[in-house]
Every structure is written in structure tokens, then in C-alpha cells.
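If you're matching them up, the sequences are chains Z and G in order. For reference, each letter of the first sequence is one residue, going 1 to 529 in this note's numbering. For reference, each letter of the second sequence is one residue, going 530 to 726 in this note's numbering. Glycine included, every Cβ here is placed at the ideal spot set by N, Cα and C. Note that the structure is a prediction, hence the values are computed from the model and not measured. All remarks here apply to the structure that follows.
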Amino acid sequence: MQKLLLLGAEAIAQAAIDAGITGIFAYPGTPSTEITEYVQNSKQAGEKKIRSAWSANEKTAMEAGLGVSYVGKRAMVCMKHVGLNVAADAFVNSAITGANGGLIVVVADDPSMHSSQNEQDSRFYGKFAMIPILEPTNQQEAYDMVHYGFDLSEKLSIPVLLRITTRLAHSRAGVAQKPERGQNELRLPSDMRQFILLPAIARKRYKGLLANQALFLDDSEKSGFNKYIDGPDKSRGIIVCGIAYNYLMENYPDRNVPFPILKITQYPAPRDMIERLVGACDEILVLEEGAPMIEELLKGFLSIGLTVKGRLDGTVPRDGELNPNIVARALNLKDTYGQDIPDLVAGRPPSMCVGCGHIDVYNALNEALNEYSKGRVFSDIGCYTLGALAPYNAINTCVDMGASITMAKGAADAGFFPAVAVIGDSTFTHSGMTGLLDAANDGSSITVLISDNSTTGMTGGQKSSASGKIEAICKAVGVEEDHIKVLKPLKKFHEENLKIIQEELAYPGLSVIIPRRECIQTLGRRMRI
Amino acid sequence: MKKDIILAGVGGQGILTIASVIGLAAIEVGLFLKQAEVHGMSQRGGDVQSNLRLSDKEIASDLIPFGQADMIISVEPMESLRYLPMLSKEGWLITNTQTFINIPNYPAKEDIIAGIEKIKNHVALDAENIAKEIGSARAANIVVLGAAAPFLDLDYNLLENALNTLFGKKGEKVVGLNLAALKAGHDFAMEKIEGRG
């Protein structure tokens with residue numbers, strides 16, 4: 001069969017289709033978005049009636065995936081690394097319930113924060129929940145690991161975490177497909193109490209999870225994904241995790257590395273293999289794309305009796321993603337560099353598109369806030385976060401999905417008036433509306449601007465769960481109807497929009513303003529079709 | 530054979546079309562390929578790049594090492610200079626000279642051109658104007674690709690086939706415009722090389 005040219009994210013999606021998933025559940029987030037989009041656009045997935053629409057957030061996605069698993073079918077759940085914080089309650093507890101049908105949770109980490117607020121390493125979540133983790137090094141392995149991961153999940157009755165990072169998610173290479181597998185039949189768990197986490201049952205299941213660690217470890221040692229590759233020079237042994245393996249190999253054009261290598265792509269970390277490497281070599285270099293997880297494990301608290309080099313001793317930078325040059329320096333190999341960037345080259349940060357409705361919102365808001373002291377705008381995650389940059393300098397916070405409304409509420413509760421929240425439509429239904437309920441119940445005096453571009457913009461224009469529902473939600477959680485104002489953010493309406501914002505800022509109570517104009521990108525695409 | 534290429538531009542300029550054409554051509558002759566691109570926040574008018582690697586041997590890293598790129602292909606002149614740390618000493622810089630100004634502190638165009646001319650191996654061309662002469666300003670990308678074609682170590686007709694595959698659905702006229710754009714870029718670069726000789 002001819003190889004398909006696929007992004008790592010797409011390889012995972014194609015594998016999920018071929019491995020017989022019944023549903024994929026996700027909220028968009030860079031660098032994970034393309035997995036679900038691929039399934040949504042796949043003719044094959046359509047014919048197999050694979051469920052693939054966007055979920056309201058990562059928690060609802062995770063729980064729906066678990067529901068599919070409960071009835072015995074296969075599900076994939078996808079998110080970016082910070083999305084796993086949102087889904088964490090369901091994710092960690094799913095290790096206690098275990099799986100019935102195969103369940104893979106794909107989490108795409110973003111080291112170097114190309115498009116994120118932090119660079120947390122999701123392997124820690126997998127370890128915390130005590131479930132098996134797969135970490136592919138390339139597109140083909142990503143494809144193969146999805147097939148293996150579903151089998152593993154069903155064999156050991158446990159959700160499996162598939163961890164990728166930006167460079168794999170967004171890099172294309174040839175991928176060979178495996179034969180297609182049908183979907184599972186409906187089959188409820190043989191133990192009808194498996195998914196009831198009452199303390200008495202949860203305690204029993206937790207003991208089971210602890211006991212199963214030996215099985216997970218055994219699979220890590222034997223599955224073949226973790227590889228011990230011997231080398232003649234025992235002065236150093238190299239442990240290399242995930243795509244760090246590629247950067248190591250890049251430094252040896254003939255692919256002959258003189259040192260013994262342990263390539264780790266499945267966790268729990270393979271203890272026997274690590275012992276063999278440590279026993280054979282004078283010192284250990286650990287190369288990990290992400291946080292120093294294996295390095296800390298080896299080093300221990302007191303670093304007794306073993307020389308371990310990596311991110312903790314400065315051999316590799318403590319933060320940021322790896323690349324071939326960083327690995328070359330860690331190995332004292334020849335480093336290469338072209339020439340410096342000429343001084344005249346100016347930074348070109350991302351910016352809001354020409355014609356974007358958020359711009360009109362910020363122009364009006366900035367003017368309305370002129371009469372107050374600075375520092376009043378709590379914002380959120382989305383294109384409108386770019387309002388932090390010049391010339392707008394319009395926002396003062398951006399922390400996590402939904403934090404605009406709740407932080408403004410906290411500030412208002414502490415006596416700060418007026419306090420303003422700016423949030424997008426998709427972020428509002430992701431995690432903003434519960435905060436609005438708090439504000440309504442508490443009678444907090446805040447002004448919430450839900451800048452509604454009717455899409456999930458920053459990730460490329462995915463369908464927003466909020467579409468057509470925002471006023472109804474605001475009303476239902478208890479915002480007074482007189483203080484729900486819809487306006488059209490266009491230059492020609494600037495004066496009347498300004499007046500509305502000024503009035504609501506001055507109002508000592510909860511108000512919601514909904515500036516509504518379609519994203520210029522999705523509009524353009526719609527017009528071209 | 531090994532070609533490591535940095536594709537550069539501004540989010541929304543469509544550097545990925547160039548990557549697709551080269552990718553299709555490379556696949557047709559059975560080369561290995563890896564292509565890392567930037568998605569997400571930077572696509573909103575920020576600087577974007579793609580690492581495109583072709584080889585007759587299996588490729589390890591998705592990222593090109595600093596100082597080892599054989600070529601920078603840029604659809605914007607200032608952006609072409611941003612990736613000089615990636616370019617090898619003997620590498621080629623192929624760039625459009627038409628500026629894309631969406632920042633207040635964009636430098637003077639003549640300073641940028643002077644910076645480009647300091648690079649030993651370079652081809653700089655006004656791809657928009659050349660594309661307009663052919664009849665479609667939208668084919669400026671393909672003009673730049675054409676200018677890079679002599680340095681790709683891929684048969685020219687492979688690139689033509691790839692354009693046929695990629696634009697075939699849009700009809701013969703679009704394919705024809707793109708083939709003409711490819712040729713115009715190619716001819717410009719050939720003149721430049723021969724002029725040096």
C-alpha cells in the first residue's frame with residue numbers, strides 16, 4: 001500500500017479510524033486540533049459513522065470518551081497539555097474505574113510554548129494516575145502506537161495516555177497503514193460495579209490498580225517499543241525519550257552511536273533496562289523533550305552513587321524544547337551555526353487580523369475606560385489575548401480558560417470597581433459560564449464582554465459550542481435581562497457602542513455585553529466557497 | 530541526496546503551498562521527506578517558517594540543525610534574513626523582494642535588500658510583479674518556487690507534475706498560470722546564475 005503523507009496529529013487520527021474507534025472527543029487546542037479535524041474531514045470516518053463533533057471542553061470530552069468505553073466500544077480523547085488540567089478529575093479517576101472498551105487519551109504538549117501558557121509535561125499526569133504512557137518518536141510510530149494502545153487498553157482494562165509534542169504533531173512524513181479493524185459490539189463491563197467509585201468500591205479498585213502496576217511495567221519491558229541498543233563505549237550511557245531520539249540520531253549521520261542507548265517510548269519506565277544501562281556505563285545522559293522526569297527518577301533526592309547528566313545539571317537547558325544542536329552540545333560534538341540575524345530584522349509578533357471585530361471591541365473599551373485608573377481588564381485565552389500587545393495594550397490578565405470572569409469577580413468582591421472581563425464565545429461555554437453563575441449568585445459588580453466571533457478562532461475556526469446560545473445562558477444563570485446588551489463591533493457604530501460600554505461600566509451590578517461579529521477568517525472562507 | 534530547506538514568510542502568505550509542491554515532487558521519486566510547520570498563534574500575521582527535509586536516506590530529526598540548511602526560500606524579504614542562523618556557509622537564499630508590512634517598526638526596504646546582497650549565494654526577485662505580468666498576482670509563491678527550482682536537485686518536470694496534481698481540480702487555466710509562474714521564476718534564477726558565471 002502507498003504510504004500516506006501525514007502530520008503526526010493526522011497519523012494518530014488515521015490510526016484511530018483504522019483501529020475501530022466509535023467516537024473521538026476533543027476541544028480544539030494547539031498542537032492537538034488537527035487530530036479531531038482529520039477525523040471530521042475523513043470520508044472513511046464518515047462512512048463508519050464515527051462520532052467526531054467538538055465537545056464544550058476537555059472534561060466533557062474525557063467523560064464522554066469514558067462513557068463510550070463503559071459500553072465496550074473504542075474511544076479517543078484529544079487535548080493540548082493544559083486541557084488535561086481541565087479534564088484532570090475525570091482523567092485521574094478513569095485510572096480507578098479502568099476501561100472496558102479501549103480508551104486512548106492523546107495529549108499534545110507544547111514545550112517552548114509556541115502557542116501556550118506553560119510547558120507542563122503530561123507524562124507526569126500519566127505517572128500520577130498510574131496508567132501506561134506511550135510516547136512515539138515519529139509519525140509511523142505514532143500510527144502504530146494507536147493500534148497497540150487500544151489493544152493494550154483492552155488487555156489490561158486501563159485507559160492509555162498517548163503523549164506527543166509540537167514537533168511531532170505538526171511535522172509531516174510518510175506513514176504506512178495497517179489493515180482496518182471493525183468497531184466493537186456493545187458489551188457492558190462484566191463487573192457492573194466497576195465504574196461506581198463509592199469509597200468502598202474505589203478502595204478495592206485502587207488496590208487493583210496498584211497491583212496492576214507490575215503488569216504495566218512488564219509490558220513496558222517486553223512490548224518492543226522500549227529498546228536497548230548496545231554500544232562499545234561504556235564511558236556514557238544515553239537514555240533518550242520520545243522525539244529526543246531523533247535529535248540524537250541526527251548527530252550521527254551513519255546512525256552508529258558509540259554509546260549504549262536506552263530509547264524509552266513506553267512507561268512505566270522499564271526498570272530492568274534502566275538497571276542494565278546503569279550497571280554497564282560510567283555515567284548517564286538523559287535527553288527528554290519536556291521536564292526532567294526520568295532524570296529526577298534516576299537522580300533521586302540525594303544523587304548517591306550515580307552521575308546523571310541532563311536538564312538538572314545544565315548539560316541541557318532546563319526549559320524549552322530540544323533540537324539537534326542542543327543535543328550536539330550535550331554530547332560535546334561539533335555544533336554548527338550559520339550567521340547572526342542582522343540587527344535590522346524586527347520582531348513580527350502575531351496580531352489580530354485586519355478587520356477583526358475584537359479590534360473594534362478594544363477601541364471602544366479602551367476609550368470607555370479612559371476615565372478610570374489603569375489595570376481593570378481581566379481577559380482570557382483566544383485571539384483577543386493579542387489585545388495585550390501594542391497598540392491596544394487593552395488587557396491586564398490572561399491565565400487559563402475562563403479565568404477572566406472569575407478573576408474579575410474576585411477583584412470586585414475585594415472592592416475593585418469597575419472590573420471588566422473580556423472572554424470569547426467558545427471560551428465562555430468552555431469554562432466561563434460557571435464563573436458567570438457564581439457572579440450572578442453573589443451579585444458581583446462586574447462587566448463581562450463576551451466578544452462573540454461565532455467560532456473558535458485562534459485554533460483555526462472550529463465550530464463554537466456557544467453559537468446561538470449566549471444570551472439564553474446569561475439569562476438562565478441569573479444576569480438581569482436589562483443588562484444583557486448585544487452590539488455590533490464595527491467602526492460606524494463606535495459612538496453608540498462606546499455609550500453602552502460606558503453605561504454598563506458605571507452600573508453597580510452584573511452586566512454582560514455581547515459584541516457580535518463573525519470572525520474575518522471564517523467569513524472569508526465562507527465567501528470563497 | 531539531501532536537501533534541507535527553510536521556508537519562510539508571514540502567517541497567511543501560504544508558504545505551505547510551496548512545501549506541498551516540493552513534497553509531491555519528492556514523493557514521486559521515492560525520496561524520504563519530513564516537513565515541520567507552525568500552527569496556532571503565529572499564523573495570525575506573525576513570522577512563520579517550515580522545515581522541509583528531503584533525502585534519499587531515512588531522516589532522523591524533524592528540525593534542521595542550525596547552520597546546515599541548504600536553502601532558505603522566503604516569500605518576504607525581511608523574513609528571509611530571520612533564518613540566517615540556519616543557513617549553511619554554501620547555502621542559497623531565494624527570496625521575494627516584495628515587503629509585507631504589518632508592524633510599525635518595519636525597516637527600510639533598501640537596508641533589507643543590502644542585507645540580502647551580502648549573502649554570497651542569493652536570488653532576489655519581485656515575485657508579485659512577475660506574477661502580475663503572467664496574469665495572476667496570487668501565483669507569486671510559485672514564482673519564488675521557480676526561482677528555487679535550479680537548486681532543488683529535483684527534475685524540473687517533477688515540479689510541473691506536482692503543480693498539475695495540486696491545482697488540477699481548479700481547472701486548466703489555474704494550472705497554466707502556475708506553470709507559467711514556475712517557469713518565470715526559474716528563468717530569472719537561471720539568468721542570475723549564468724550572469725555570475
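Could you tell me if Gly524 of chain Z is buried or exposed, where buried requires 16 or more neighbouring beta carbons within 10 angstroms of its beta carbon?
With fewer than 16 neighbouring CB atoms inside 10 Å of its own CB, Gly524 of chain Z falls in the exposed class.
Starting from Tyr38 of chain Z, trace the alpha helix (DSSP H) in both directions and tell me its first and last residue.
Thr33 to Asn41
When DSSP builds the beta bridges, which residues end up paired with Cys241 of chain Z?
In DSSP, Cys241 of chain Z forms a bridge with Z:Ile264.
Of all the residues that make up the region 584-601 of chain G, which are near chain Z by a beta-carbon distance shorter than 7 Å?
Ala589, Ser590, Asp591, Leu592, Pro594, Phe595, Gly596 and Gln597
Are there 16 or more other CB atoms within 10 angstroms of the CB of Arg255 of chain Z, so buried, or fewer, so exposed?
exposed
For Gly310 of chain Z, which option in Z:Tyr337, Z:Arg236 and Z:Thr60 has the closest C-alpha, if you only look at C-alpha atoms?
Of the candidates Z:Tyr337, Z:Arg236 and Z:Thr60, the one whose C-alpha sits nearest the C-alpha of Gly310 of chain Z is Z:Arg236.
I'd like the span of the alpha helix (DSSP H) that includes Tyr125 of chain Z, first residue to last.
DSSP places Tyr125 of chain Z inside the alpha helix (DSSP H), whose first and last residues are Arg123 to Ala129.
With a threshold of 7 Å between beta carbons, is Tyr362 of chain Z in contact with chain G?
Judged by the 7 Å Cβ criterion, Tyr362 of chain Z is not in contact with chain G.
Quick one: does Gly402 of chain Z have its CB under 7 Å from some CB of chain G?
no
Indicate whether the contact test is met: 3 or more Cβ pairs, each with one atom in the region 615-632 of chain G and one in the region 641-660 of chain G, closer than 8 Å.
Between the region 615-632 of chain G and the region 641-660 of chain G there are three or more inter-stretch CB-CB distances shorter than 8 Å, so the stretches are counted as touching.
For Lys702 of chain G, which of G:Val673, G:Ala668, G:Met615 and G:Ser579 has the nearest alpha-carbon?
Residue G:Ala668 is the option with its Cα nearest to Lys702 of chain G.
What are the boundary residues of the alpha helix (DSSP H) that includes Glu662 of chain G?
Ala656 to Ile663
Any idea what DSSP makes of Pro614 of chain G, helix, strand or coil?
In the structure shown, Pro614 of chain G falls within a helical segment according to DSSP collapsed to helix, strand and coil.
According to the neighbour-count rule (16 or more other Cβ atoms, all chains shown, within 10 Å of its Cβ), is Thr522 of chain Z buried or exposed?
buried
I want to check one thing, is the minimum distance from the CB of Asn707 of chain G to the heavy atoms of the ligand COA below 6 Å?
What this structure holds is no ligand at all, so the ligand COA is not there to describe.
For Val704 of chain G and Ala666 of chain G, I'd like the C-alpha separation in whole angstroms.
14 Å
On a Cα-Cα basis, can you pick out the residue from Z:Ser445, Z:Met113, Z:Tyr267 and Z:Val160 that is closest to Ala75 of chain Z?
Z:Val160
Would the region 400-414 of chain Z and the region 427-438 of chain Z be scored as touching if the rule is three or more Cβ pairs under 8 Å?
yes
Counting only beta-carbon atoms, is Gly726 of chain G nearer than 7 Å to chain Z?
Bear in mind that a pLDDT of 48 at Gly726 of chain G, under 50, signals an unreliable position, so the number given afterwards is only what the model happens to contain. Not closer than 7 Å to any Cβ of chain Z, the Cβ of Gly726 of chain G fails to qualify, so no.
Can you name, in chain order, every residue of its own chain whose Cβ lies under 6 Å from the Cβ of Gly726 of chain G, other than the five neighbours on each side?
With a pLDDT of 48 at Gly726 of chain G, under the threshold of 50, the predicted position of this residue should be treated as unreliable, and no value is reported.
Give the straight-line distance between the Cα atoms of Ala173 of chain Z and Lys531 of chain G, rounded to the nearest whole angstrom.
15 Å
Could you tell me whether the Cβ atoms of Pro28 of chain Z and Gln462 of chain Z are closer together than 7 Å?
yes
With burial defined as no fewer than 16 other Cβ atoms inside 10 Å of the residue's Cβ, what is the status of Gln2 of chain Z: buried or exposed?
exposed
Determine the direct distance from the alpha carbon of Glu180 of chain Z to that of Leu553 of chain G, and round the result to whole angstroms.
Going by the C-alpha atoms only, they are around 26 Å apart.
Determine whether the beta carbon atoms of Ala61 of chain Z and Glu34 of chain Z lie at a separation below 7 Å.
No, the pair does not count as a contact, with Cβ atoms beyond the cut-off.
Rounding to the nearest angstrom, what Cα-Cα distance links Gly541 of chain G and Pro350 of chain Z in this structure?
Each residue's Cα considered, the two are about 11 Å apart.
Who pairs with Leu449 of chain Z in a beta bridge, going by DSSP?
Answer is Z:Val422 and Z:Ile513, bridged to Leu449 of chain Z.
For Ala677 of chain G, collect the residues of the same chain with a Cβ closer than 7 Å to its Cβ; drop the 5 residues on either side in sequence, then sort them by chain order.
Met600, Ile602 and Ile623
By the criterion of Cβ-Cβ separation under 8 Å, what are the contact partners of Pro614 of chain G in chain Z?
Tyr337, Gly338, Gln339, Asp340 and Ile341
Name the two residues that bound the continuous alpha helix (DSSP H) containing Tyr206 of chain Z.
Following the DSSP letters along the chain, one finds Tyr206 of chain Z inside the alpha helix (DSSP H) bounded by residues Pro199 to Lys222.
Note down, in chain order, every chain G residue with its Cβ under 9 Å from the Cβ of Met352 of chain Z.
Think of a sphere of 9 Å around the beta carbon of Met352 of chain Z: the chain G residues whose beta carbon falls inside it are Arg573 and Gly574, in chain order.
For Lys492 of chain Z, count neighbouring C-beta atoms within 10 Å of its own C-beta (all shown protein chains included) and say buried if the count is 16 or more, exposed if not.
exposed
If I follow the unbroken alpha helix (DSSP H) through Ala15 of chain Z, where does it start and stop?
Gly8 to Asp18
For Gln502 of chain Z, which of helix, strand or coil comes out of DSSP?
Residue state, collapsed to three classes: helix.
Please report the Cβ distance between Val327 of chain Z and Tyr384 of chain Z, rounded to the nearest whole angstrom; I am assuming they are in contact, meaning their Cβ atoms lie under 8 Å.
Contact flag wrong, Cβ pair sits at about 38 Å.
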